[in-house]
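Asks: Residue numbers (my numbering): 146 to 240.
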């Protein structure tokens, strides 16, 4: 059974990504400290490969979900799929 939420109960959060580390050379020129606003509709200029890889995590945070392995309910750290030039991003839900 699927329950419908009222407009008041629907909460969509802002998601901010911060580049925490770059090992090697990022071909999209992302640099440590870059801050990117992300959503299910906006890649914020993030590399397309990286955005595709973290898209499910963006939606999870954007719509109020959490990750059982993350010590912080509003934060998750992820790495880009390029294993030779690893870029690490922290996604943070803004409440």
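We put the beta carbon where it would ideally sit given N, CA and C, even for glycine.
To test your reading of the DSSP string, which unbroken beta strand (DSSP E) runs of 3 or more residues are found completely within the stretch 152-176?
Replies: You should have 159-167.
Asks: Within 10 Å of its beta-carbon, does residue 195 have 16 or more other beta-carbons around it, so buried, or fewer, so exposed?
Replies: Looking at its Cβ environment, which holds 16 or more other Cβ atoms inside 10 Å, residue 195 is buried.
Asks: So does the stretch 212-220 actually touch the stretch 176-193, counting three or more Cβ pairs closer than 8 Å?
Replies: No, the stretch 212-220 does not touch the stretch 176-193.
Asks: In angstroms with no decimal places, state the Cα-to-Cα distance between residue 227 and residue 155.
Replies: Near 35 Å, if we compare the C-alpha coordinates of residue 155 and residue 227.
Asks: Which residue from 179, 190, 219 and 211 puts its Cα closest to that of residue 167?
Replies: Closest option to residue 167, Cα to Cα, is 179.
Asks: For residue 219, which three-state DSSP category applies?
Replies: Coil.
Asks: Could you check the C-alpha separation between residue 224 and residue 197 for me, to the nearest Å?
Replies: Taking the straight line from one Cα to the other gives about 12 Å.
Asks: With a Cβ-Cβ cutoff of 7 Å, do residue 163 and residue 222 count as a contact?
Replies: Not closer than 7 Å, so no.
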